[in-house]
Amino acid sequence: MIKGIGIDAVETERMAKIVKEKPQFAKRVLTSKELEWYDRLPFHRQVEFLGGRFACKEAFSKAWGTGIGKVSFQDIEVLANEAGAPIVTRSPFQSGVAHVSITHTDIMIFAQIILEE
21 MIKGIGIDAV ETERMAKIVK EKPQFAKRVL TSKELEWYDR LPFHRQVEFL
71 GGRFACKEAF SKAWGTGIGK VSFQDIEVLA NEAGAPIVTR SPFQSGVAHV
121 SITHTDIMIF AQIILEE
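With our numbering applied, the sequence shown closes on residue 137, and no number is skipped along the way.
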């Protein structure tokens, strides 16, 4: 049964500016495991990675029904499975599965979460 659906979008240019000018933003949004991955990436991939994780966590909070104020960016962790697809490895949603999809273009970064019990 579907418990919630959330979607979020981020402008790629805005995220590129944040990556350049506010390196502390990545530490606020990403968990330590996500940050390890992020730090190894070239700039353009850092933009996609941080934007995707930010949008994913915002989408999760919408699907959860609380917004990001009641759940922290650090409460949600999105890593990659063996095939490289994003998976939620930590979240407050323990009673089911969180399906995630992230995509990006030169202009926008999108993420969708479906919470299923």
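Ideal Cβ placement from N, Cα and C applies to all residues, glycine included.
Since the model is a prediction, treat every value here as computed from it, not as a measurement.
| request: Identify the continuous alpha helix (DSSP H) that holds Arg-60 and give its terminal residues. | output: Looking up residue 60 in the sequence shown gives position 40. Counting along the chain, Arg-60 falls outside any alpha helix (DSSP H), and DSSP gives it neither H nor E.
| query | Are the stretch 55-66 and the stretch 118-126 touching, with three or more C-beta to C-beta distances below 8 Å? | reply | no
| said: So, with DSSP's three-state summary, where would you put Thr-86? | reply: Position 66 of the sequence shown, counting from 1, holds the residue named residue 86. DSSP places Thr-86 in coil when its eight states are reduced to three.
| Own chain, CB closer than 8 Å to Ile-127, minus 5 neighbours either side, in chain order | Residue mapping note: residue 127 aligns to position 107 of the sequence shown, counting from 1. So the list reads Glu-31, Thr-32, Glu-33, once near-sequence residues are dropped.
| query | Mapping DSSP to helix, strand and coil, what is Gly-26? | reply | Residue numbering aside, residue 26 sits at position 6 when the sequence shown is read from its first letter. It is a strand residue.
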